[in-house]
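Novice: Before I ask anything, here is the structure I am working with.
Protein chains: 4
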Amino acid sequence: MAARESAPPAPNAGRRSERSRRAIYDAALALVVEVGYPRTTIEGIAARAGVGKQTIYRWWPSKADVLMEAFLDLAERSAREAGEQPYSIPDTGDLAADLKAVLRATVDELQDPAFDAPSRALAAEGLVNEELGRQYVAKLLEPSLQLYVERLRSAQKAGHVRPDVDPRIALELFVSPLAQRWLQYTGPISHDYTDTLVDYALYGLAPRPQA
Amino acid sequence: MAARESAPPAPNAGRRSERSRRAIYDAALALVVEVGYPRTTIEGIAARAGVGKQTIYRWWPSKADVLMEAFLDLAERSAREAGEQPYSIPDTGDLAADLKAVLRATVDELQDPAFDAPSRALAAEGLVNEELGRQYVAKLLEPSLQLYVERLRSAQKAGHVRPDVDPRIALELFVSPLAQRWLQYTGPISHDYTDTLVDYALYGLAPRPQA
Amino acid sequence: MAARESAPPAPNAGRRSERSRRAIYDAALALVVEVGYPRTTIEGIAARAGVGKQTIYRWWPSKADVLMEAFLDLAERSAREAGEQPYSIPDTGDLAADLKAVLRATVDELQDPAFDAPSRALAAEGLVNEELGRQYVAKLLEPSLQLYVERLRSAQKAGHVRPDVDPRIALELFVSPLAQRWLQYTGPISHDYTDTLVDYALYGLAPRPQA
Amino acid sequence: MAARESAPPAPNAGRRSERSRRAIYDAALALVVEVGYPRTTIEGIAARAGVGKQTIYRWWPSKADVLMEAFLDLAERSAREAGEQPYSIPDTGDLAADLKAVLRATVDELQDPAFDAPSRALAAEGLVNEELGRQYVAKLLEPSLQLYVERLRSAQKAGHVRPDVDPRIALELFVSPLAQRWLQYTGPISHDYTDTLVDYALYGLAPRPQA
DNA sequence: CGGTAAGCGAGACGGTACGTCGTGTCTTCAC
DNA sequence: GTGAAGACACGACGTACCGTCTCGCTTACCG
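In the order they appear, the protein sequences are chains A, B, C and D. Last residue of the first sequence: 211 in the UniProt record's numbering, with the numbers rising by one and none dropped. Last residue of the second sequence: 211 in the UniProt record's numbering, with the numbers rising by one and none dropped. Last residue of the third sequence: 211 in the UniProt record's numbering, with the numbers rising by one and none dropped. Last residue of the fourth sequence: 211 in the UniProt record's numbering, with the numbers rising by one and none dropped.
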């Protein structure tokens, strides 16, 4: 439609070296895992990728953007490998069981440094850089959360969730606590823990009148 | 009993300049608000505080630690100003109302840049630096969360919360969603929103058998 | 044959900026004249030359080495400007007259701050840093002294100097006293003074048997 | 007659600690020998002497002045130890022999690091700091040179030196070459060398008419 | 002979410069 | 005409000393 950039001559994406891109992704992810995000530098990435610095600056505006793309690419590849229906929450009819299953899988994923390190790094950058934070949410978080929204809608249709409940808010009852414990070290995360969250969220804290 | 440091000669805290400390706190907080955390530098803090860099390095190991102390000091002073019972959650007997009131106050606080900017900066640093992250939790977060624990225990005694519920986990149902929306920009925060969180958390998402 | 450096990656001299080099030379010489050697700093040179500090550290190991090169360059340029026979001592057949002429010119040169300041600074550094001192001698002093050696050899051939005299030592009789008075302020320097030195050195202090 | 300083309250020399002064002298001399002059710092001297920095700043204006006094003190003590007539040149009637003897002794002294290091350091500082340079000459150099003046005067009376020769200049013919070789590494120094200097200086470079 | 003011060891302070590292821009050369 | 290589201006880092300034303390002198 229109040129995106104005000042720089807008590099010709057609000629872009796929080889370099891959090397940069790999280097960025490896460095974040190995030395941590703050000690990961653009010079370091370039050196490790066997690439000129300019090649990075030509295509990405910042270290965080490199990592963001690298991580999205990683997620995509993982998903592709993992198999069929790339992303969705099972719907067996038993809402509690389905949520527990997904959250258990999430807990496992969060323990994997290859996922934890870059993801945490991006989150950290996003806290302090609103622009990037919103990208993080839009590209990484929200797509996953929408799966919960769908599963909860389905549960509402089946009468297992109150119809007046807003699914986008409801999902936060079990997702946000896990997220916070993970990111901020406010507590240990485990399968038991997420099971409990699901139970509390679905049935509430207040005693049931009859039961 | 035992010497703490070994390499550096352990500065004599008795001789410390109160004047400099105050100036450093003020400068650090002001800069984080004005130019943002990443562009806040130790040199900048020193210059603004009218202090030698060494005076900062003598007493703090890193920018983040300076900010942490500065922010703790700020919180303390605010609390002292604010009044008597420094921190507690009202206990009117109506759990929902009490929680909503506290969360509304928290929402307001999170909008204040003087609180938001440093707090967010520390959280960001903590994501990527586990040591600091745990300090952040221990010194800033957990004390507040304990107030929720107490209030929930009191509610359990009054029979307003199921006795088998773990209050430390329960509080996350309404605190963590707010925290995540605030920190990660996953959604807007408002009084309505926190009210809803309290309702969902207390009464659950699943329909009640009788009502 | 063998790599010279090992730790630093040995900058590529081909890419070196001539512009920066010149600016650094000029700044270094100007500062030494204006504020003196001890108050000439690498930061100051960089600032005045409009150059990053690293550009200095990349090419020179120390302030003294910068100044050494700058001064050598200055000397070379002066010589080139000055004209034809770049460096030599006249040989009119009258040894005393020739030596007096050269020494008078030297006296004049030593009074010029543009020469005195850097030269003295390098000498001072060389006193305390043997490595640099030897460079100073090899690059700056010895070439000039060799001219005296040649002139004295020529005089020996002509029978004006005893054949058993070592010219390399002989020249010190008039050069070193001047050098010491100049460098150490042990006495005033003037054309009369150097004339006297030549006379004393050529004809000795002891009375001549006949005369 | 009048207070020397005006701004500072002029420390009371009567109360001065002799113990500290000695310790400072010793530390200064030792450090200059061990680590070299440029890496000798006032902080280092104070630490090594077990003395507060202020005790140094109270009594001396600069590192060089400390060293100057320390070295003068050392020289004095050495002289006192060495024996009776602290400094003088023998007068056996044989001028050449007497000069050679003294210069040989000087050569030996210049090889001793305890003498060489501080002396060289002060000379270096003096090159670049005229004020100090003149002090160096007045306090350290000139007194020794005066001994040569006297010896030469005596030789003139005895008819061994031409009466029209200026002894203050004459002495430089053998002293300055040695000084330059020593300070600037322009050549090796040895007994042979100084013997040669004396011969050249006394009898000149030009051939004698008769012999 | 007891009080007080000085010198003292100690070391924190506001500064300046150090030498290094990383940024983002620019230029050169090879493919 | 893209990309590897890397020099460049710049800015911040964390360290070392500077010279000044309190702090107790000890020590002499003086009233």
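The C-beta atom is built at its ideal place from N, Cα and C for all residues, glycine as well. Quick caveat: nothing in here was measured; it's all calculated off a predicted structure.
(1) Is residue 112(B) helix, strand or coil by DSSP?
(2) Pull out every residue of the UniProt domain "HTH tetR-type" (18 to 78) of chain B whose Cβ sits closer than 9 Å to any Cβ of chain A, in chain order.
(3) Go to residue 165(D), then tell me how far its alpha helix (DSSP H) extends in each direction, as first and last residue.
(4) Below 8 Å between beta carbons: does that hold for residue 149(A) and residue 162(A)?
(5) Relative to the C-alpha of residue 139(D), which residue among 76(D), 152(D), 28(D) is closest?
(6) Is any beta-carbon of chain C found at less than 8 Å from that of residue 101(D)?
(7) Taking the alpha carbon of residue 16(C) as the point to measure from, which residue in 202(C), 30(C), 60(C), 45(C) has its own alpha carbon closest?
(8) Buried or exposed: which applies to residue 4(C), given that a residue is buried once 16 or more other Cβ atoms fall within 10 Å of its Cβ?
(9) Suppose contacts are defined by Cβ-Cβ distances below 8 Å. Is residue 189(C) in contact with residue 110(C) by that definition?
(10) What residues of chain C sit near residue 93(D), judged by a beta carbon separation below 7 Å?
(11) Could you list which residues in chain B have their beta carbon closer than 9 Å to that of residue 169(A), in chain order?
(12) Against chain A, does residue 159(B) count as a neighbour if the rule is that its beta carbon must be under 8 Å from one of theirs?
(13) What three-state label does DSSP hand residue 154(B) in the structure shown?
(14) So which of 203(A), 43(A), 69(A), 24(A) has the shortest CA-CA distance to residue 119(A)?
(15) Mind checking residue 125(D): buried by the 16 CB within 10 Å criterion, or exposed?
(16) Check each residue of the segment 130 to 143 of chain B: if its Cβ is closer than 8 Å to any Cβ of chain A, include it; give the result in chain order.
(17) Rounded to the nearest angstrom, what separates residue 20(D) and residue 128(B) at their Cα positions?
(18) In the structure shown, what three-state DSSP assignment does residue 143(D) receive?
(19) Verify the CB distance criterion: does residue 148(A) have a CB-CB separation below 8 Å to chain B?
(20) Which of helix, strand or coil does DSSP assign to residue 57(A)?
(21) Note down, in chain order, each residue of its chain lying with its Cβ closer than 8 Å to the Cβ of residue 42(A), except the 5 sequence neighbours on either side.
(22) Note down the Cα distance separating residue 18(D) from residue 198(D), rounded to an integer number of angstroms.
(23) Looking at chain B, which residues of the segment 107 to 133 of chain A have a Cβ within less than 7 Å of any of its Cβ atoms?
(24) What is the C-beta distance between residue 205(A) and residue 202(B), in whole angstroms, given that I count them as a contact (C-beta under 8 Å)?
(25) Counting along the chain, where does the alpha helix (DSSP H) carrying residue 212(A) start and finish?
(26) Tell me the rounded alpha-carbon separation between residue 91(B) and residue 131(B).
(27) Could you name the residues of chain D that residue 162(C) contacts, counting a contact when the two beta carbons are closer than 8 Å?
(28) From this set, 93(B), 22(B), 47(B), which residue's C-alpha is nearest residue 159(B)'s C-alpha?
(29) Would you say residue 81(C) reaches chain D, if we count a Cβ-Cβ gap shorter than 8 Å as a contact?
(30) What first and last residue would you give for the alpha helix (DSSP H) that runs through residue 13(C)?
(31) Can you list, in chain order, the residues of its chain with a C-beta nearer than 6 Å to that of residue 11(D)? Leave out the 5 residues immediately preceding and following it.
(32) Straight-line CA distance for residue 137(A) to residue 107(A)?
(33) In angstroms, rounded to a whole number, what distance separates the CA positions of residue 113(B) and residue 142(B)?
(34) Pick out whichever of 145(B), 171(B), 182(B), 14(B) has its Cα sitting closest to the Cα of residue 96(B).
Specialist: The structure says:
(1) coil
(2) 36, 37, 38
(3) No alpha helix (DSSP H) holds residue 165(D); DSSP gives it neither H nor E.
(4) no
(5) 76(D)
(6) Residue 101(D) does not count as touching chain C.
(7) Considering only 202(C), 30(C), 60(C), 45(C), the residue with the shortest C-alpha distance to residue 16(C) is 60(C).
(8) Bear in mind that the predicted position of residue 4(C) carries a pLDDT of just 42, short of 50, making it unreliable; the figure below should be weighed with that in mind. It is exposed - the Cβ of residue 4(C) has fewer than 16 other Cβ atoms within 10 Å.
(9) yes
(10) Residues of chain C passing the Cβ test: none, with the nearest at roughly 14 Å.
(11) 177, 187, 193, 196, 197, 200
(12) yes
(13) helix
(14) 69(A)
(15) Residue 125(D) sits buried, since 16 or more C-beta atoms from the chains shown fall within 10 Å of its C-beta.
(16) 130, 133, 134, 136, 137, 141, 142
(17) 52 Å
(18) helix
(19) no
(20) helix
(21) Only 53, 56, 57, 63, 66 meet the Cβ criterion.
(22) 44 Å
(23) Of all residues in the segment 107 to 133 of chain A, 120, 121, 123, 124, 126, 127, 128, 130, 133 have a Cβ within less than 7 Å of some Cβ in chain B.
(24) 5 Å
(25) It is not possible to answer for residue 212(A), since the shown part of chain A is limited to 1 through 211.
(26) Taking C-alpha positions only, residue 91(B) is separated from residue 131(B) by approximately 35 Å.
(27) 205, 206, 207
(28) 93(B)
(29) no
(30) Element bounds for residue 13(C): n/a, residue is neither H nor E.
(31) 58
(32) 19 Å
(33) 22 Å
(34) 171(B)
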